[in-house]
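**Q** Note that full-length UniProt numbering numbers the sequence shown so that position 525 is 525, with each residue one more than the last.
For every residue, glycine included, the Cβ atom is placed at its ideal position computed from N, Cα and C.
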Amino acid sequence: MDVNVEDVCILQSPCCNPLGLYPLLKWFISSMWPVRLYQLILCVSLGFSVDRYSGIVYLESVKKRIMYLNDWWLPFFFGLFSAPTTFQMDKVLPSLPLPDVAITIKRLMGSLSPYLGEDSVHYQELEAGLRKWYKEEASGCQRRLKAKKWLSGNYATLWWESYTFLCHRQSTHMDTTFVAFQDGKYLQTKNPLARAAVLVYLYGNMRPLLKAGRINPEMFKHQAPMSMEQWYRLFSTTRIPSQNQDDLWTYPPSLSKGVKLYCLEFGGDEPYSPAVLTTLSRDEWLNERSDYFTYGINNASLIDVEKAICLVYLATDSTLKPYQAKGNLWVDKSVNFCVLPSADISIHVDWSSMDPSFFAGVLERLRVAETATMYDPATGNAVYLEEADHECDDPQPLNWQCFDEMVAVYDRALRLCRKDRMAFNFSSLSFTAFGRSKVKFNWHLCTDAFIQAALHATHFKLTGKLALCAEYVPCRLFVNGRSETLRSLTTEMKDFVRCFGAMHTDKLIKTAKASECVELLKKACERHEFLLKHAMTGKGVDRHLLALNIAYKFRTFKRCEVLEKVLKMPFDLVTCRMPNSAFEGAWEIMLPTMDQSSAIHIAYACRNDPDGFHFSISGMGNRVESFTHILEQVLLDLQNLPFQKTT
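1. Taking the alpha carbon of residue 156 as the point to measure from, which residue in 407, 99, 290, 568 has its own alpha carbon closest?
2. Nearest CA to the CA of residue 661: which residue from 456, 595, 550, 103?
3. Report the rounded CA-to-CA distance for residue 353 versus residue 239, giving the unit in angstroms.
4. Can we say the segment 300-314 touches the segment 136-148, given the rule of at least three CB pairs closer than 8 Å?
5. Taking buried to mean at least 16 other C-beta atoms within 10 Å of its own C-beta, is residue 508 buried or exposed?
6. Quick check on the burial criterion: 16 or more other C-beta atoms within 10 angstroms. Buried or exposed for residue 407?
7. What residue ranges within the segment 427-477 form continuous alpha helix (DSSP H) runs of no fewer than 4 residues, ordered along the chain?
8. Expressed to the nearest angstrom, what Euclidean distance is found between the alpha-carbon atoms of residue 405 and residue 335?
9. Per DSSP, residue 181 is paired with what?
10. If you follow the alpha helix (DSSP H) that residue 369 is in, where does it begin and where does it stop?
11. Going by the DSSP bridge assignment, what does residue 614 pair with across the sheet?
12. Roughly how many angstroms lie between the CA atoms of residue 546 and residue 108, to the nearest whole one?
13. Given that a residue counts as buried once 16 or more other Cβ atoms are within 10 Å of its Cβ, and exposed if not, what is residue 7?
14. Less than 8 Å between the beta carbons of residue 535 and residue 486, yes or no?
15. For residue 522, count the other beta carbons within 10 Å of its own beta carbon; 16 or more makes it buried, fewer makes it exposed. Which is it?
16. Quick test of your reading: residue 199 and residue 10, contact by CB under 8 Å. State the CB separation rounded to the nearest angstrom.
17. Taking residue 325 as the reference, give the member of 571, 349, 305, 306 with the closest Cα.
18. Report the residue from 289, 228, 454 whose alpha carbon sits nearest the alpha carbon of residue 489.
19. Using only alpha-carbon positions, find the residue among 331, 433, 342, 303 that is nearest to residue 185.
20. Judging by CA-CA distance, which residue of 331, 339, 214, 306 is the nearest neighbour of residue 319?
21. What number of angstroms, rounded off, separates the C-alpha of residue 552 from the C-alpha of residue 132?
22. Bridge partners of residue 487, per DSSP?
23. Jot down the residue ranges of each uninterrupted beta strand (DSSP E) in the UniProt domain "Choline/carnitine acyltransferase" (96-254), minimum 3 residues, whole runs only, in chain order.
24. Starting from residue 337, trace the beta strand (DSSP E) in both directions and tell me its first and last residue.
25. Going by DSSP, what residues sit across from residue 312 in a beta bridge?
26. What is the DSSP secondary structure of residue 78, reduced to helix, strand or coil?
27. Can you check whether the CB of residue 363 is closer than 8 Å to the CB of residue 180?
28. Where do the ends of the alpha helix (DSSP H) carrying residue 575 lie?
29. Within 10 Å of its beta-carbon, does residue 648 have 16 or more other beta-carbons around it, so buried, or fewer, so exposed?
30. Kindly indicate which residue of 395, 357, 255, 555 has the alpha-carbon position closest to the one of residue 483.
31. What does the alpha-carbon distance come out to for the pair residue 637 and residue 590?
32. Quick check on residue 81: buried or exposed, where buried means 16 or more other Cβ atoms within 10 Å of its Cβ?
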């Protein structure tokens with residue numbers, strides 16, 4: 001899973017985005033006829049024939065001829081070799097498929113059976129409740145999802161955003177905000193202001209590039225287009241607190257011009273920044289906002305902050321870690337930059353606006369575009385760009401008024417921030433003994449499945465229990481697609497984990513268990529790869545269950561207890577795979593706790609130069625460090641298994 005990054009010159013050079021005759025004509029033609037009729041007819045007929053009569057040489061030759069025709073002659077005749085623009089491929093994305101309810105329930109119980117045990121009372125109660133609900137209510141709920149799919153093209157994304165994030169009433173920071181930062185030894189400069197200026201410039205320059213359609217459309221394995229809808233929320237997006245459910249507002253570029261700033265004086269123990277109020281629960285922040293930020297200078301400053309493209313916090317505390325900026329950031333903003341005195345910069349992103357795997361593509365563009373040529377080698381300052389417009393208005397100060405009644409609220413919010421900082425732990429692991437190439441090409445295993453097996457084995461070795469694991473995988477091959485939750489604990493995974501654990505506890509049967517462990521690992525990886533393909537192609541479990549639960553509420557005005565029990569079961573592991581990147585200068589992402597505060601959260605990615613893996617592990621409590629050390633040893637033990645060597 002690689003990122004198709006634009007050329008460095010495109011990312012660094014200012015984009016003027018002219019509105020000429022050719023772009024206007026191109027937009028008009030694409031709007032009038034977004035999908036060519038001959039392509040639709042040929043693709044449908046050919047796809048039906050190939051699926052129905054697989055293996056026929058004639059159909060394969062016809063397929064090659066049509067691909068050759070589309071690639072050369074017809075693009076020359078219609079498009080004059082014009083490259084697809086950023087959002088052009090979104091017009092041809094299919095609707096999110098609606099899985100069968102019986103298959104969804106079967107796969108759900110297949111994940112819960114090794115965790116709960118088929119003979120347990122809890123498992124049998126869930127099975128009986130789901131069987132009863134399936135007979136009585138499933139067909140009616142499925143019909144409503146079909147109607148929603150016909151109307152919107154995606155029956156799950158909007159409800160998932162609302163139910164998981166916008167209806168979330170707890171504190172937002174550390175719950176839905178993930179953090180991205182780099183290793184300090186790969187920094188191009190030690191000047192924090194210069195690095196902040198360069199990164200904010202590169203980030204802001206993506207907006208005119210996006211408007212001009214010069215951001216490359218993302219493709220899955222360089223073949224299938226992926227949804228680019230999340231790019232709309234990258235700039236000037238703010239989460240507005242509201243009663244029961246928040247709103248996501250994206251402001252136009254015309255409302256986010258200029259620079260606004262406010263300074264905090266360190267006169268007492270800690271300054272009273274209005275940003276700390278955004279870390280309160282959503283209902284508390286809504287009440288404070290209604291009482292003190294709807295009039296006067298507070299309201300004017302609040303409007304300026306919410307319309308801004310992003311927020312940049314210049315920290316003065318040298319002991320502050322990149323993920324410990326709670327209370328100083330405007331959590332409602334989709335993107336916050338935290339600049340530390342050491343020139344380390346962390347980017348805090350609201351998950352309700354965009355997914356971590358998507359934002360990793362933005363980070364890869366920042367990594368590629370931030371080169372040594374953008375800094376003066378003698379002073380470390382940012383260099384002068386001839387094409388850029390360096391003439392801008394002076395920064396305008398934002399003024400805040402702190403009423404006496406707000407002091408107690410500020411103090412309580414600051415105490416909660418300090419408490420969360422102390423309880424939160426983070427650890428990072430860069431593993432270079434082997435990497436993706438060895439797993440995929442030498443051992444012939446799915447890389448994602450192999451890492452999931454290692455994580456399950458690590459959790460079992462740490463706690464002695466199997467882990468109910470949620471893996472967030474991208475599901476962007478469809479209209480407005482975002483992500484799907486893959487439950488990676490299966491019966492095959494359970495057999496491997498127990499065999500692997502027994503192999504390292506009983507030395508007498510270690511040799512005999514090793515070959516059996518390899519076979520079980522292969523079966524577990526094959527099963528996981530099967531579920532992964534289905535989750536990425538819209539045939540997952542959790543989004544469908546959530547949509548069925550909401551459809552049931554709309555249909556009967558009642559709550560389905562069995563579905564809510566399943567959806568609210570706490571996970572032990574929460575994982576997410578990031579796109580591949582190089583080790584040098586790579587950004588790592590730390591996942592938030594969300595509503596799984598007792599779980600261990602792992603974001604991992606494949607690295608190259610050298611080949612290896614990188615893990616970012618976070619969570620509450622003291623288990624994070626132990627998990628990291630055990631994971632490293634588990635990976636080394638997996639390397640020593642007797643895999644069949646390839647010539």
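**A** In this structure, then:
1. Taking the sequence shown and counting its residues from 1, the one referred to as residue 156 is at position 156. Just measuring C-alpha positions, the residue of 407, 99, 290, 568 sitting nearest residue 156 is 99.
2. Nothing about residue 661 can be read from this structure; the chain reaches only from 1 to 647.
3. Locating residue 353 in the sequence shown gives position 353, where the first residue counts as 1. Locating residue 239 in the sequence shown gives position 239, where the first residue counts as 1. Cα to Cα, the separation comes out at about 8 Å.
4. Judged by Cβ distances under 8 Å, the segment 300-314 makes no contact with the segment 136-148, as fewer than three pairs qualify.
5. In the sequence shown, the residue the question calls residue 508 occupies position 508. Note that residue 508 has pLDDT 49, beneath the 50 cutoff, so the model's placement of it is unreliable and no number is given.
6. For the purposes of this step, residue 407 is taken as residue 407 along the sequence shown, with counting starting at 1. Looking at its Cβ environment, which holds fewer than 16 other Cβ atoms inside 10 Å, residue 407 is exposed.
7. Along the length of the segment 427-477, whole alpha helix (DSSP H) runs at least 4 residues long occupy 447-463, reported in chain order.
8. Counting from 1 along the sequence shown, the entry for residue 405 is found at position 405. Counting from 1 along the sequence shown, the entry for residue 335 is found at position 335. Taken atom to atom, the span from the alpha-carbon of residue 405 to that of residue 335 is near 30 Å.
9. Locating residue 181 in the sequence shown gives position 181, counting from the first residue. Residue pairing by DSSP places residue 181 opposite 346, 588 in a beta bridge.
10. Counting from 1 along the sequence shown, the entry for residue 369 is found at position 369. Boundaries of the alpha helix (DSSP H) harbouring residue 369: 356-369, taken from the DSSP string.
11. Reading the sequence shown from its first residue, position 614 is the one you call residue 614. According to DSSP, which records beta bridges pairwise, residue 614 is partnered with 430, 605.
12. Position 546 of the sequence shown, counting from 1, holds the residue named residue 546. Position 108 of the sequence shown, counting from 1, holds the residue named residue 108. Computed Cα separation, rounded: 12 Å.
13. Counting from one through the sequence shown, the residue named residue 7 turns up at place 7. By the 10 Å Cβ count, residue 7 comes out exposed.
14. Residue numbering aside, residue 535 sits at position 535 when the sequence shown is read from its first letter. Residue numbering aside, residue 486 sits at position 486 when the sequence shown is read from its first letter. Yes; because the gap between Cβ atoms is below 8 Å, this pair is in contact.
15. By one-based count along the sequence shown, residue 522 stands at place 522. With 16 or more Cβ atoms within 10 Å of its Cβ, residue 522 is classed as buried.
16. What you label residue 199 is simply residue 199 of the sequence shown in a count that begins at 1. What you label residue 10 is simply residue 10 of the sequence shown in a count that begins at 1. Not really, about 17 Å apart at Cβ, beyond 8 Å.
17. Here residue 325 refers to the residue found at position 325 of the sequence shown. Of the listed residues, the one whose Cα sits closest to residue 325 is 349.
18. Taking the sequence shown and counting its residues from 1, the one referred to as residue 489 is at position 489. Sorting 289, 228, 454 by C-alpha distance to the C-alpha of residue 489 places 454 at the top.
19. Counting from one through the sequence shown, the residue named residue 185 turns up at place 185. Among 331, 433, 342, 303, the Cα nearest to that of residue 185 is on 342.
20. Reading the sequence shown from its first residue, position 319 is the one you call residue 319. Comparing Cα positions, the closest option is 339.
21. Here residue 552 corresponds to residue number 552 of the sequence shown, with the count starting at 1. Here residue 132 corresponds to residue number 132 of the sequence shown, with the count starting at 1. Each residue's Cα considered, the two are about 14 Å apart.
22. For the purposes of this step, residue 487 is taken as the residue at position 487 of the sequence shown. 470.
23. The UniProt domain "Choline/carnitine acyltransferase" (96-254) is shown to contain whole beta strand (DSSP E) runs of 3 or more residues at 177-182, 237-240, 247-250, in chain order.
24. Taking the first residue of the sequence shown as position 1, residue 337 is located at position 337. Segment 335-339, the beta strand (DSSP E) holding residue 337.
25. Against the sequence shown, residue 312 aligns to sequence position 312. Under the DSSP definition of a beta bridge, residue 312 partners with 337.
26. Mapped onto the sequence shown, residue 78 falls at position 78. With a pLDDT of 46 at residue 78, under the threshold of 50, the modelled position of this residue cannot be trusted; read the value that follows with caution. Assigned with DSSP and collapsed to three states, residue 78 falls in helix.
27. The residue given as residue 180 occupies position 180 in the sequence shown. The residue given as residue 363 occupies position 363 in the sequence shown. Contact: yes.
28. Taking the sequence shown and counting its residues from 1, one reaches residue 575 at position 575. Here residue 575 belongs to no alpha helix (DSSP H); instead the beta strand (DSSP E) covers 573-577.
29. This structure cannot speak to residue 648, because the chain is shown only from 1 to 647.
30. Residue 483 sits at position 483 when you count from the first residue of the sequence shown. It is 357.
31. Within the sequence shown, the letter at position 637 stands for residue 637. Within the sequence shown, the letter at position 590 stands for residue 590. Their backbone Cα atoms lie some 26 Å apart in a straight line.
32. Counted from its first residue, the sequence shown places residue 81 at position 81. Bear in mind that the predicted position of residue 81 carries a pLDDT of just 43, short of 50, making it unreliable; the figure below should be weighed with that in mind. Residue 81 comes out exposed.
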